[in-house]
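Sequence lines, in order, name chains Y and G.
Be aware that the first sequence starts at 1, since it is given in the UniProt record's numbering, and climbs by one per residue.
Be aware that the second sequence starts at 1, since it is given in the UniProt record's numbering, and climbs by one per residue.
From the three backbone atoms N, C-alpha and C, an ideal C-beta is built for every residue, glycine too.
Structure first, commentary second.
There are 2 protein chains.
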Amino acid sequence: MTGRRYDPDRRDRIIDACLDLVADVGVAGISHRKVAARADVPLGSMTYHFAGMDELLREAFGRFARTISDGFEQRMSEATDLEGARAAVVAIITQDLFGTQRDLVLTHELYTLAAREPAYRELTNAWMRRSRDALERHFDPVTARLLDALIEGLTIHRALDTEAPLPGSVTEAVRRITMPR
Amino acid sequence: MTGRRYDPDRRDRIIDACLDLVADVGVAGISHRKVAARADVPLGSMTYHFAGMDELLREAFGRFARTISDGFEQRMSEATDLEGARAAVVAIITQDLFGTQRDLVLTHELYTLAAREPAYRELTNAWMRRSRDALERHFDPVTARLLDALIEGLTIHRALDTEAPLPGSVTEAVRRITMPR
DNA sequence: GTTCCATGGGTACGCTCGTACACATGGCTC
DNA sequence: GAGCCATGTGTACGAGCGTACCCATGGAAC
């Protein structure tokens with residue numbers, strides 16, 4: 001019974017450590033050794049639990065995407081009327097959902113992988129499908145898609161833009177996109 | 001006069017090779033040796049022309065961002081009236097500007113770097129500023145920002161979504177965002 | 001034509017990497 | 001309680017890496 005023997009959460013801790021490390025140094029900067037050190041497991045555990053870095057990354061980003069879309073779904077499901085749904089979207093864009101720099105960085109890392117490799121695109125597709133389904137509880141399909149794209153774009157600009165956003169512009173954007181004809 | 005001696009375009013060729021390689025294998029997959037091989041220069045030329053991988057990447061992505069925003073600016077400047085400007089935006093989103101998978105991949109790689117490191121954020125900021133300036137020749141500042149974000153989001157979704165886009169949805173989005181009140 | 005030096009070219013060193021593999025441990029089955 | 005085997009642990013190896021460094025080359029300055 002020496003400390004770490006029989007450690008059922010080990011796989012999970014490795015995945016968490018991997019996400020933390022990717023957030024810190026990027027996919028470009030990770031290695032089995034660094035993840036092992038951060039998760040406080042021996043190097044051998046890496047290849048025992050995961051066939052390779054790719055398998056580990058896919059699981060890690062799968063967990064990440066699920067976490068984010070869970071939050072999205074919950075916020076949208078709390079809205080009871082059109083005005084509430086609009087407010088929820090504004091809140092998601094301006095602060096609530098991607099509250100941390102970490103989440104924004106991880107999102108971009110995932111998109112970058114998805115842009116190149118179909119295996120990761122499955123993750124982003126599932127994420128997008130869930131977002132759209134949540135939006136379609138309140139908006140027609142075309143509006144839901146456009147809102148989803150708008151959220152995407154405004155979130156990215158909020159992350160990368162150093163200039164202050166024009167006040168009220170997010171609310172205005174949601175108003176225009178969801179404006180009944 | 002042995003072949004390669006005095007090769008004034010060498011620096012440029014290295015930068016081009018770097019962009020090609022990043023498009024192929026990602027920032028995570030590059031190395032001095034691989035870039036040198038693709039540019040057909042000896043390994044020593046890498047450290048001679050660039051202080052390190054970071055300097056090379058910054059120059060490469062600087063060139064890439066400038067190329068894309070040049071195209072954006074030109075397309076927007078060709079429009080002479082509101083309808084033309086709207087059509088230009090639709091064209092930029094649906095096919096023209098990010099015509100190749102290569103450009104989309106490189107864009108995401110740049111965003112990922114920018115999300116983490118301020119040096120790269122300067123590049124994306126300059127790019128965004130130019131886009132907005134071009135849009136402000138035809139639209140008011142708030143509309144220009146929202147259009148810019150919409151372009152961003154729809155472009156990403158076009159890149160990552162495997163489901164076919166709803167027909168006419170891009171035109172509809174631009175119409176709603178630019179609709180005069 | 002001599003000198004100088006920016007540029008090109010090759011190589012060796014020390015490091016980190018992923019992976020393989022041999023051995024240890026201890027819960028579970030019987 | 002004996003044996004099995006899933007899991008944990010440590011180490012060694014070969015490959016690829018960035019970098020430093022030395023020599024070669026040949027246009028420019030004078």
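Straight-line gap, residue i to residue j (C-alpha atoms, nearest Å)
i: arginine 38 (chain Y); j: glutamate 117 (chain G); result: 22 Å
i: threonine 67 (chain Y); j: valine 174 (chain G); result: 31 Å
i: alanine 134 (chain Y); j: glutamate 73 (chain G); result: 36 Å
i: leucine 106 (chain Y); j: arginine 75 (chain G); result: 33 Å
i: aspartate 16 (chain G); j: aspartate 140 (chain Y); result: 45 Å
i: alanine 51 (chain G); j: threonine 143 (chain G); result: 42 Å
i: proline 167 (chain G); j: histidine 157 (chain G); result: 14 Å
i: methionine 1 (chain G); j: aspartate 7 (chain G); result: The pLDDT assigned to methionine 1 (chain G) is 38, lower than 50, so where the model puts this residue is not dependable, and the model offers no usable value.
i: valine 35 (chain Y); j: histidine 108 (chain Y); result: 20 Å
i: arginine 10 (chain G); j: aspartate 24 (chain G); result: 21 Å
i: serine 169 (chain G); j: methionine 179 (chain Y); result: 15 Å
i: proline 160 (chain G); j: threonine 112 (chain G); result: First, the amino acid is wrong: residue 160 (chain G) is leucine here, not proline. Taking the straight line from one Cα to the other gives about 16 Å.
i: arginine 176 (chain G); j: arginine 176 (chain Y); result: 6 Å
i: glycine 22 (chain G); j: glycine 71 (chain Y); result: It should be noted that the sequence gives valine, not glycine, for residue 22 (chain G). In a straight line, the C-alpha of valine 22 (chain G) is about 33 Å away from that of glycine 71 (chain Y).
i: glutamate 152 (chain G); j: isoleucine 92 (chain Y); result: 17 Å
i: arginine 132 (chain Y); j: alanine 88 (chain Y); result: 14 Å
i: serine 77 (chain G); j: leucine 110 (chain G); result: 25 Å
i: arginine 137 (chain G); j: tyrosine 48 (chain G); result: 43 Å
i: leucine 43 (chain Y); j: leucine 56 (chain Y); result: 14 Å
i: glycine 3 (chain G); j: valine 90 (chain G); result: Annotation note: pLDDT 42 at glycine 3 (chain G) (below 50); position unreliable, coordinate value reported separately. Cα to Cα, glycine 3 (chain G) sits roughly 48 Å from valine 90 (chain G).
Residue i beta carbon near the ligand NAD (any heavy atom closer than 7 Å)
i: proline 42 (chain Y); result: What this structure holds is no ligand at all, so the ligand NAD is not there to describe.
Backbone secondary structure at residue i - three-state DSSP
i: methionine 179 (chain Y); result: coil
i: proline 42 (chain Y); result: coil
i: histidine 32 (chain Y); result: helix
i: glycine 3 (chain G); result: Caution applies to glycine 3 (chain G), whose pLDDT of 42 falls short of 50 and renders its modelled position unreliable; the model cannot decide the point.
i: threonine 155 (chain Y); result: helix
i: aspartate 70 (chain Y); result: helix
i: glutamine 101 (chain Y); result: helix
i: alanine 164 (chain G); result: coil
i: alanine 51 (chain G); result: coil
i: residue 215 (chain G); result: This structure leaves residue 215 (chain G) out entirely; chain G is present only between 1 and 181.
i: threonine 80 (chain Y); result: coil
i: aspartate 9 (chain G); result: coil
i: glycine 62 (chain G); result: helix
i: glutamate 109 (chain G); result: helix
i: glutamate 172 (chain G); result: helix
i: glutamate 122 (chain G); result: helix
Contacts of residue i in chain G (Cβ-Cβ under 8 Å)
i: aspartate 161 (chain Y); result: Asn125 and Met128
i: methionine 179 (chain Y); result: Arg176 and Met179
i: arginine 121 (chain Y); result: Leu160 and Thr162
Reference residue i; option with closest CA among the options
i: aspartate 40 (chain Y); options: Y:Arg63, Y:Arg13, Y:Leu57 and Y:Thr47; result: Y:Arg13
i: proline 164 (chain Y); options: Y:Thr100, Y:Met179, Y:Thr94 and Y:Arg11; result: Looking at the sequence shown, residue 164 (chain Y) is not proline but alanine. Closest option to alanine 164 (chain Y), Cα to Cα, is Y:Thr94.
i: arginine 130 (chain G); options: G:Val170, G:Ser69, G:Lys34 and G:Ala17; result: G:Ser69
i: aspartate 20 (chain G); options: G:His49, G:Tyr48, G:Glu136 and G:Asp103; result: G:Asp103
i: threonine 155 (chain Y); options: Y:Thr100, Y:Ala126 and Y:His138; result: Y:Thr100
i: threonine 171 (chain G); options: G:Ala85, G:Leu113 and G:Tyr111; result: G:Ala85
i: aspartate 54 (chain Y); options: Y:Ala114, Y:Asp7 and Y:Pro42; result: Y:Ala114
i: cysteine 18 (chain Y); options: Y:Gly153, Y:Tyr48 and Y:Arg58; result: Y:Arg58
i: arginine 33 (chain G); options: G:Asp24, G:Ser45 and G:Ala88; result: G:Ser45
i: threonine 162 (chain Y); options: G:Leu43, G:Trp127 and G:Tyr48; result: G:Trp127
Listed by chain order, chain Y residues near residue i by CB distance under 7 Å
i: threonine 171 (chain G); result: In chain order: nothing, as chain Y lies at least about 11 Å away.
i: glutamate 109 (chain G); result: Thr112
Beta-carbon neighbours of residue i, restricted to chain G and to distances below 7 Å
i: valine 22 (chain Y); result: By Cβ distance, chain G contributes nothing, its closest Cβ being about 10 Å from valine 22 (chain Y), past 7 Å.
i: histidine 32 (chain Y); result: What histidine 32 (chain Y) touches in chain G: nothing, since even the nearest Cβ is about 14 Å away.
Chain Y residues whose Cβ lies nearer than 9 Å to that of residue i
i: valine 27 (chain G); result: Gly26, Val27, Ala28 and Thr112
Chain-ordered chain Y contacts of residue i [CB-CB under 8 Å]
i: glycine 153 (chain G); result: Asp148, Ala149, Leu150, Ile151, Glu152, Gly153, Leu154 and Ile156
i: valine 105 (chain G); result: Thr112, Ala115 and Arg116
i: leucine 166 (chain G); result: Pro141, Val142 and Arg145
Where residue i meets chain G, residues with beta-carbon distance less than 9 Å
i: alanine 37 (chain Y); result: What alanine 37 (chain Y) touches in chain G: nothing, since even the nearest Cβ is about 19 Å away.
i: glutamate 136 (chain Y); result: Within 9 Å Cβ-Cβ: nothing; glutamate 136 (chain Y) doesn't reach chain G, min ~12 Å.
Taking three-plus beta-carbon pairs below 8 Å as touching, is the segment 70-85 of chain Y in contact with the segment 19-30 of chain Y? No, the segment 70-85 of chain Y does not touch the segment 19-30 of chain Y.
Say whether the segment 118-134 of chain Y touches the segment 118-134 of chain G, bearing in mind that this needs 3 or more beta-carbon pairs closer than 8 Å, one atom from each stretch.
Contact fails: fewer than three Cβ-Cβ distances are below 8 Å.
Q. Contact between the segment 50-66 of chain G and the segment 141-148 of chain Y: three or more CB pairs below 8 Å?
A. The segment 50-66 of chain G is not in contact with the segment 141-148 of chain Y.
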